[in-house]
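Using the UniProt record's numbering, the first residue of the sequence shown is number 1, and each one after it goes up by one. Notes to accompany the following structure.
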Amino acid sequence: AYAQWMFGPLFQFSVEDVERLVPEWMRSLTDVLPRVAINPQAMCRDLQTKLHEFEERIPLISCLRNPGLRERHWGQICKLTGISQDVDRSAFTLEQLMAMRMDVFVPDILEISDIATKEANVERTLDKIVAQWSTQELELREFKDTKHDTLTKTSELFDQLDDATLTVQLLTVSAFVSPHHERVVFWVQNLNQIKVLLETWMAAQGKWVHLHPLFANPTVKEQIPQLAKEFDQASKVWREITLEASKSAHRVILEVAGKKSILTKLEETAEALERVQHNLTYFLEAKRKLFPRLYFMSDDELLSLLLKAERPAESAQYLLKVFEGISTVTLASEVDARARSAKLKASYKKAPTGRRFGLDWLDLELAAEVVAKEKEQRARSQSRLQMLSEHNEREDTEEDRIHSEQAELEARLRVPHCQSYVAHAPLLAAAPANRPPVHEATPADPPAPVATDAKPERLSSASFAPCMKEKNVITTIGTPDGELLDISPVFLHQSEGNEYRHVEEWLVDVEHGMQNRLQALIELASNQALRHNSLKQWIFFFPSQVVHMVLAMRFAHSVDKELLYERKTASEEVARAVRLSRQDPSGRKRASTVAAQRTGVIKHFTQTLEVIDTTLEEVLELVRRKEQGMTASQRQFLSTICATTLHHRDVIERLKEDPTMLTHEHNFEWVRQLRYYAKSRRTRTFSRADSVESGNGRARLSRTSSTRISRVSRDRGANELTPESSEDGFEVSEESNGIFLSCVDCAIPYEFELLASTRRIITTPLTERSFVTLITALHHLYGGEVSGGAATGKSETVKDLAKAAARPMKVFNCSEQLGVGTLRRFLRGIVGVGAWACFDEFDRIPSEVISIVTHQIAQIYTALRASNDDQLKIGLFYNVAGPSETTMAGYEDENVPLQRSFAMFLTLDPGLLQKQAKTLPSNLRALFRPMFMTQPDGMLIAEVYLHAQGFEKWKELAFKMSAVLRLASQQLPASRHYTWGLRILRATLTTAAHFKHMTISEAEEDIVQRAISKCPSCGHCLSRSTTDSSAFAAREGRE
1 AYAQWMFGPL
11 FQFSVEDVER
21 LVPEWMRSLT
31 DVLPRVAINP
41 QAMCRDLQTK
51 LHEFEERIPL
61 ISCLRNPGLR
71 ERHWGQICKL
81 TGISQDVDRS
91 AFTLEQLMAM
101 RMDVFVPDIL
111 EISDIATKEA
121 NVERTLDKIV
131 AQWSTQELEL
141 REFKDTKHDT
151 LTKTSELFDQ
161 LDDATLTVQL
171 LTVSAFVSPH
181 HERVVFWVQN
191 LNQIKVLLET
201 WMAAQGKWVH
211 LHPLFANPTV
221 KEQIPQLAKE
231 FDQASKVWRE
241 ITLEASKSAH
251 RVILEVAGKK
261 SILTKLEETA
271 EALERVQHNL
281 TYFLEAKRKL
291 FPRLYFMSDD
301 ELLSLLLKAE
311 RPAESAQYLL
321 KVFEGISTVT
331 LASEVDARAR
341 SAKLKASYKK
351 APTGRRFGLD
361 WLDLELAAEV
371 VAKEKEQRAR
381 SQSRLQMLSE
391 HNEREDTEED
401 RIHSEQAELE
411 ARLRVPHCQS
421 YVAHAPLLAA
431 APANRPPVHE
441 ATPADPPAPV
451 ATDAKPERLS
461 SASFAPCMKE
471 KNVITTIGTP
481 DGELLDISPV
491 FLHQSEGNEY
501 RHVEEWLVDV
511 EHGMQNRLQA
521 LIELASNQAL
531 RHNSLKQWIF
541 FFPSQVVHMV
551 LAMRFAHSVD
561 KELLYERKTA
571 SEEVARAVRL
581 SRQDPSGRKR
591 ASTVAAQRTG
601 VIKHFTQTLE
611 VIDTTLEEVL
621 ELVRRKEQGM
631 TASQRQFLST
641 ICATTLHHRD
651 VIERLKEDPT
661 MLTHEHNFEW
671 VRQLRYYAKS
681 RRTRTFSRAD
691 SVESGNGRAR
701 LSRTSSTRIS
711 RVSRDRGANE
721 LTPESSEDGF
731 EVSEESNGIF
741 LSCVDCAIPY
751 EFELLASTRR
761 IITTPLTERS
771 FVTLITALHH
781 LYGGEVSGGA
791 ATGKSETVKD
801 LAKAAARPMK
811 VFNCSEQLGV
821 GTLRRFLRGI
831 VGVGAWACFD
841 EFDRIPSEVI
851 SIVTHQIAQI
861 YTALRASNDD
871 QLKIGLFYNV
881 AGPSETTMAG
891 YEDENVPLQR
901 SFAMFLTLDP
911 GLLQKQAKTL
921 PSNLRALFRP
931 MFMTQPDGML
941 IAEVYLHAQG
951 FEKWKELAFK
961 MSAVLRLASQ
971 QLPASRHYTW
981 GLRILRATLT
991 TAAHFKHMTI
1001 SEAEEDIVQR
1011 AISKCPSCGH
1021 CLSRSTTDSS
1031 AFAAREGRE
């Protein structure tokens, strides 16, 4: 081997063998030398010397055998050593190189070889990129049977292109790229050209794919023919591009990118589609103006809704975006819907003059007929059965007919108002005998049959079950809590032909049907509440929102009736007290008179308290029935009623504390409460008004000078408001009725918006003061600016007030990334709908955005105040059915319809404000009524919540729970993972209620203690620190 390496051609033996064997031989000789004799040792030393000399020549061999050496490198070596370049290098031997003193130039040769290696790496990397993109092909596939190809697997293609572009750009800045500089620059241009092609292609393809389904819809093409024509032209060019690309050198992407004609057509197509899409926004804007609730949907969602206009079974998923209280609908065939409508219209003539609700009124009349017919049929059935038993004979046909009639009556009485009774049916076991028997329903049972010819399908949340094509009429809407309400049929087809109606048209019908249905059900439920003393006899036959409203109206009527009686006799008792004080200077008779007066007041409120206590007992009895298997939403419904009833009782107790104030005309303790009143159906007298506009008609008023108004007439029902007749006042004659929410000397109309959830916050003194402040601000056409720390109930209070007034409520979570365009669209929506908007943490918005939005908000409130100011205020005070419209000019260079029910609220966090050092503009603050919310009464919240959840020792347990959390917050270290605010109290109460309903025999003290230990902060406390754990356990055990 040594002879071959020394005297053989340099480029014929393996360098790897030399580098491997020589070091091994050296190690072997080093190990052998100590163990051999003297003469052999001398021989070994000579061999070791030769190997050592050869080992020193290995770097030279490696450099000259470097595969990266090119002719330019050999030229440098020859020039360095003085060897002619014409010499045949393949015949060189190592001995010849040593003879030419080549070993002297080893350091310089090493440097040349290292440069050659790095330049070879650059060349190798570039070759890989060239090999890949010289053969990379476009993958085209037909798009949904449209005869138009689209590019697929684009994500992988872009990833590979980005990697290749980055690699080539790194090569351009390499110190060893000079030999390949022109080639690298060439491929940088090629890759950039490919990137431009793909980006332009995907831009055009994305717009085409997005728009093609829309313009494939014949209904949409009829509405926007010009845009459809432009899209067809762009689509034709797009097809030409894909055909040309598919023929270009077997779809090699490099060849396609080299054709300027394809790139030019792509750019023109992308620009054309961009114009179509830009003009499409005006079309969508027109849709939104016709139905402003569509502003709450994005462009993509609205386009999807329009695409599915002919497939209403797939469009229900967008209802929650439009109506927060509607998550399901039921479709029926047009034949069945028209048959039902014909039957209802046949009886419509029975409606009294001036009181036409359409189908809603007919339901009330139908219910009365059903009750009368039911009694008649039951009497006939009992008589017939008694006669058969006496004569011991049976007539099967007659008995079957009677039973079928009874079943039909039961179905007609149950279903029309709210189908959630099916889940509540087991709770009605104790219903009186005069009510129809309710079948024992299980979760698997279908809904009871409707009075119409067809039985509707109950569908899952936010979706439709598969429906037949002929089912194109909406007959029922459902809430997220599972309650189903029948509404006036909403036909999705045109009256003539088979064309579908526009989406914005039938959505308006759904909105009107929802509002009219709620209005009619509230009146019907009010009548049922007057007919039945027991709450269980009617509560489960109506939606929870209706039940809450009726109970609130009944409470306001009861208290007003007592206050009217006291005001009537106040003058007589005061005069008597004055006479007695003059006759009896000592004051004994006067004191006895005052005591008698207090006794009389307490006596007059006894009946109201008895009704409240009875209602509370009935609700708590239902809450505590664990064996009935109520769902969470049903139990929450009952708990909310219980909490509201507890608040009513507290109000009565506070009124009884100061009987002298009961004789006052304006008892502040009472007027500061939220009170619901229904308008009278006949002519009424108002004051301080010029005109009132309602949602269903315009009421005419004649000016007088009266300033006194009586809200309740003693001789009328709980659902009516009858102002006293007066020589001076406004006479209002109208055909529609409605409800308004009153607080202090202000009032706002009840909007009959179907609520997504009837869950209400627990009313505390802080909540009452907040409601007074906010409603007063709305009455004077101001917004509400609610400040306060975290978890003080700022947003929840605003949302609860919106629920109280049944207003559409939108909460907008502000952030630093919020843009002007998003806020503008949101403002358009809430202004057009007349919704309430709560901008949560408004101070998070960037200052430059706030300055622009401030101008928009100022325009809104300026228009709101400038348009018939007196009329607008009276409209808010006495308006009964719905908001009226005015016009706001100059909003984004166009006029926008403005609903007077619009309101805006801001929530601010002072801690965040101090941290970011951001203050709101003074002209924005001038439009809002400031209010600061402190920490609510946690003890009261715990008491009411535990009581409403059926705890027997609610007062004692609430005290212990509040004390434990308070002491823990005071004595445990202030760490980030310890939070003891309202959120942790709510979490603890919710956990305790869950444990209460899941267990039967566990003691209530153990339940609450287990709930406290399971709450997040307490869990951190018990797991993180032994000291904290022992301290918390001590606090818990002590309490």
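Ideal placement from N, C-alpha and C gives every residue a C-beta, glycine not left out. Note that the coordinates shown come from a computational prediction; the quantities given were computed from them, not determined experimentally.
C-beta contact flag for residue i and residue j at 7 Å
i: residue 751; j: residue 807; result: yes
i: residue 810; j: residue 835; result: yes
i: residue 64; j: residue 108; result: no
i: residue 526; j: residue 550; result: yes
i: residue 1056; j: residue 932; result: Beyond the ends of the chain as shown, which are 1 and 1039, falls residue 1056; an answer cannot be given.
i: residue 1012; j: residue 988; result: yes
i: residue 1047; j: residue 471; result: Coverage of the chain is limited to positions 1 through 1039, which leaves residue 1047 absent and any answer about it impossible.
i: residue 150; j: residue 191; result: no
i: residue 315; j: residue 321; result: no
i: residue 993; j: residue 949; result: yes
Counted within 10 angstroms of its Cβ, other Cβ atoms place residue i as buried (16 or more) or exposed
i: residue 558; result: buried
i: residue 170; result: exposed
i: residue 780; result: exposed
i: residue 1003; result: exposed
i: residue 50; result: exposed
i: residue 813; result: exposed
i: residue 962; result: buried
i: residue 841; result: buried
i: residue 262; result: buried
i: residue 799; result: buried
i: residue 1055; result: Beyond the ends of the chain as shown, which are 1 and 1039, falls residue 1055; an answer cannot be given.
i: residue 636; result: buried
Residue i to residue j span [Cα, whole Å]
i: residue 785; j: residue 761; result: 20 Å
i: residue 640; j: residue 483; result: 16 Å
i: residue 546; j: residue 764; result: 23 Å
i: residue 1042; j: residue 679; result: Missing from the structure shown is residue 1042; the chain here goes from 1 to 1039 and no further.
i: residue 20; j: residue 132; result: 36 Å
i: residue 983; j: residue 795; result: 13 Å
i: residue 500; j: residue 749; result: 35 Å
i: residue 75; j: residue 252; result: 40 Å
i: residue 613; j: residue 649; result: 8 Å
i: residue 18; j: residue 66; result: 14 Å
i: residue 673; j: residue 823; result: 34 Å
i: residue 864; j: residue 515; result: 24 Å
i: residue 654; j: residue 532; result: 28 Å
i: residue 555; j: residue 651; result: 10 Å
Cβ-Cβ separation, residue j to residue i (assumed contact under 8 Å), whole Å
i: residue 212; j: residue 146; result: 7 Å
i: residue 510; j: residue 539; result: Not confirmed; about 27 Å, so no contact.
i: residue 194; j: residue 257; result: 5 Å
i: residue 997; j: residue 642; result: Going by Cβ atoms, the distance from residue 997 to residue 642 rounds to 14 Å, so no, they are not a contact pair.
i: residue 183; j: residue 126; result: 6 Å
i: residue 548; j: residue 631; result: So it is not a contact: roughly 18 Å between Cβ atoms.
i: residue 819; j: residue 849; result: 7 Å
i: residue 911; j: residue 985; result: Not really, about 20 Å apart at Cβ, beyond 8 Å.
i: residue 906; j: residue 793; result: Wrong, their Cβ atoms sit about 15 Å apart, outside the cutoff.
i: residue 921; j: residue 854; result: 5 Å
i: residue 303; j: residue 201; result: Contact flag wrong, Cβ pair sits at about 22 Å.
CB contact check: residue i to chain D, cutoff 7 Å
i: residue 788; result: Considering every chain present, this structure includes no chain D. It has just one protein chain.
What are the uninterrupted segments assigned as beta strand (DSSP E) that are 3 or more residues long and contained completely in the segment 934-989, given in chain order?
None, since the segment 934-989 contains no complete beta strand (DSSP E) of that length.
Please give me, in chain order, every unbroken run of the alpha helix (DSSP H) with length at least 4 that falls completely inside the segment 493-570.
503-531
Ranges of the beta strand (DSSP E) found wholly within the segment 755-789, counting only runs of at least 3:
783-788
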